[in-house]
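Enquirer: In my numbering, the protein residues as written are 102 to 303.
The beta-carbon is built from N, C-alpha and C at its ideal position, and this holds for glycine as well.
Sharing a structure, written as structure tokens. Questions coming.
Okay, here's the thing in structure tokens:
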């Protein structure tokens, strides 16, 4: 007799997710059953996406657009008040935090969501993660700090300003170390040709 592993909550499938109230869910999508997700109606998900356990998608206000062929590792946190977009073939390693809204840390005003807005100075700005971007474990991306196509960000980095395409970045704050190879673009073309299916436009 096969025993069920009580420590593995499993994943919801595309067919299950498509009936839950998301704005859009494509094919071959898996979301771990122990994720916390708010604002389903503001979330669009393309094809071939996996979101691992313990991740939080806080989208009660603001949109989250997740392209195709995307992996979001365990215990990531996305705060979507200003809007977040993840381009096709992008990936977040474990514990990545992306904030499209942030409190004022200067001490000139109060902070945290229990305080009335009149006493806050909140920064809200969209975050756009380009195609083929990979972000290493434990990194933090702040409001307005978009990342261009093909860039890679090393583990434990702080992205507090826009990063140009096809660079390798690391550090706090993240700085460009070198140019990233574009060889993966040929592999993308070969993969899509074998699948014979266009990616959804979200």
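#1: Ignoring anything shorter than 3 residues, give me the beta strand (DSSP E) runs that lie fully in the region 228 to 273, in order along the chain.
#2: Hey, could you find the ends of the alpha helix (DSSP H) residue 295 is sitting in?
#3: Can you check which of these residues, 195, 174 and 203, is closest to residue 181 by C-alpha distance?
#4: At the level of alpha carbons, what is the spacing between residue 224 and residue 107?
#5: Among 294, 296, 253 and 288, whose alpha-carbon lies nearest the alpha-carbon of residue 280?
#6: Would you mind giving the Cβ-Cβ distance between residue 201 and residue 163, rounded to the nearest angstrom? I have them listed as a contact below 8 Å.
#7: State buried or exposed for residue 305, treating a residue as buried only when at least 16 other CB atoms are found within 10 Å of its CB.
#8: I'd like the list of long-range same chain contacts for residue 128, defined as Cβ closer than 8 Å, with 5 residues on each side in sequence excluded.
#9: Within the region 162 to 230, note down every full beta strand (DSSP E) run reaching 3 residues or more, in order along the chain.
#10: Return helix, strand or coil for residue 118, following the three-state DSSP convention.
#11: Just to confirm my understanding: we take residue 221, look at its own chain, exclude 5 residues before and 5 after, and list those with CB closer than 8 Å. What are they?
#12: Tell me where the beta strand (DSSP E) around residue 278 begins and ends.
#13: According to the neighbour-count rule (16 or more other Cβ atoms, all chains shown, within 10 Å of its Cβ), is residue 263 buried or exposed?
#14: Where does residue 300 fall in DSSP's three states?
#15: Since residue 139 contacts residue 160 with CB under 8 Å, what's their CB separation in whole angstroms?
#16: CA-CA distance, residue 227 and residue 130?
Expert: In short, the structure shows the following:
#1: 228 to 230 and 268 to 271
#2: Start at 1 with the first residue of the chain shown, and residue 295 comes out as number 194. 285 to 296 is the span of the alpha helix (DSSP H), which, as asked, contains residue 295.
#3: One-based indexing of the chain shown puts residue 181 at position 80. Residue 181 has its Cα closest to that of 203, out of 195, 174 and 203.
#4: Taking the first residue of the chain shown as 1, we reach residue 224 at position 123. Taking the first residue of the chain shown as 1, we reach residue 107 at position 6. If you take the alpha carbons of residue 224 and residue 107, they lie about 41 Å apart.
#5: If you number the chain shown from 1, residue 280 lands on position 179. Checking every option, the nearest Cα to that of residue 280 belongs to 253.
#6: Residue numbering aside, residue 201 sits at position 100 when the chain shown is read from its first letter. Residue numbering aside, residue 163 sits at position 62 when the chain shown is read from its first letter. Right, their Cβ atoms sit about 6 Å apart.
#7: This structure cannot settle anything about residue 305, because the visible part of the chain is limited to 102 through 303.
#8: Mapped onto the chain shown, residue 128 falls at position 27. Excluding positions up to five away in sequence, the list reads 115, 148 and 149.
#9: 165 to 167, 171 to 173, 178 to 180, 185 to 187, 198 to 200 and 228 to 230
#10: For the purposes of this step, residue 118 is taken as the residue at position 17 of the chain shown. The answer is helix: DSSP assigns residue 118 an H, G or I state.
#11: The sequence position of residue 221 within the chain shown is 120, counting from 1. 204, 205, 210, 211 and 212.
#12: In the chain shown, the residue the question calls residue 278 occupies position 177. Run containing residue 278: 276 to 280, per the beta strand (DSSP E) assignment.
#13: In the chain shown, the residue the question calls residue 263 occupies position 162. Flag for residue 263 reads exposed.
#14: Counting from 1 along the chain shown, the entry for residue 300 is found at position 199. Coil, per DSSP.
#15: Position 38 of the chain shown, counted from the start, is the residue given in the question as residue 139. Position 59 of the chain shown, counted from the start, is the residue given in the question as residue 160. Contact flag correct, Cβ pair sits at about 6 Å.
#16: To locate residue 227, count along the chain shown from 1; it is residue 126. To locate residue 130, count along the chain shown from 1; it is residue 29. Their backbone Cα atoms lie some 24 Å apart in a straight line.
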